[in-house]
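Residue numbers (the numbering used here): 2 to 102.
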Ligand code: FES
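This is how it looks when you write it as structure tokens:
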């Protein structure tokens, strides 16, 4: 498997986000990673979707590993900031972090 720098998991379940907005976020994440040049090379970011991250409220929930940074209430605009500021720039979007390892 190719090396990668981070792994982003998006909850697409219906408990944290009854209208399942996580599904749209997961699709959007691919295009944002491509736009920022994060799909290949040493800064590559893998993405995954999961039916539940065990939070089940205030979603959609997005978690970034190995940083162990958890985001709640992720909107498309916030996801854009997470990609640019956190995944590319290395600075978490602190005001939207609700938990960290
Ligand atoms: S359904 Fe999203 S955290 Fe459980």
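For glycine and all other residues, C-beta sits at the position ideal for the given N, C-alpha and C.
Small disclaimer: the values here were computed from a predicted structure and weren't measured.
message = My assumption, with CB atoms under 8 angstroms, is that residue 39 sits in contact with residue 89. Please give the rounded CB distance.
response = Indeed, because the Cβ distance is near 6 angstroms, the residues count as touching under 8 angstroms.
task = Compare the Cα-Cα distances from residue 71 to each of 24, 20, 8 and 22 and report the closest residue.
result = Cα-wise, what sits closest to residue 71 is 8.
task = Taking only the alpha-carbon atoms, compute the straight-line gap between residue 56 and residue 19 and give it to the nearest angstrom.
result = Taking the straight line joining both Cα atoms gives about 13 angstroms.
ask   = How big is the Cα-Cα spacing for residue 44 and residue 11?
value = Those two C-alpha atoms are separated by around 19 angstroms.
key: Top-ranked residue by Cα proximity to residue 91, from 66, 102 and 73   = Checked all of 66, 102 and 73; the closest Cα to residue 91 is 66.
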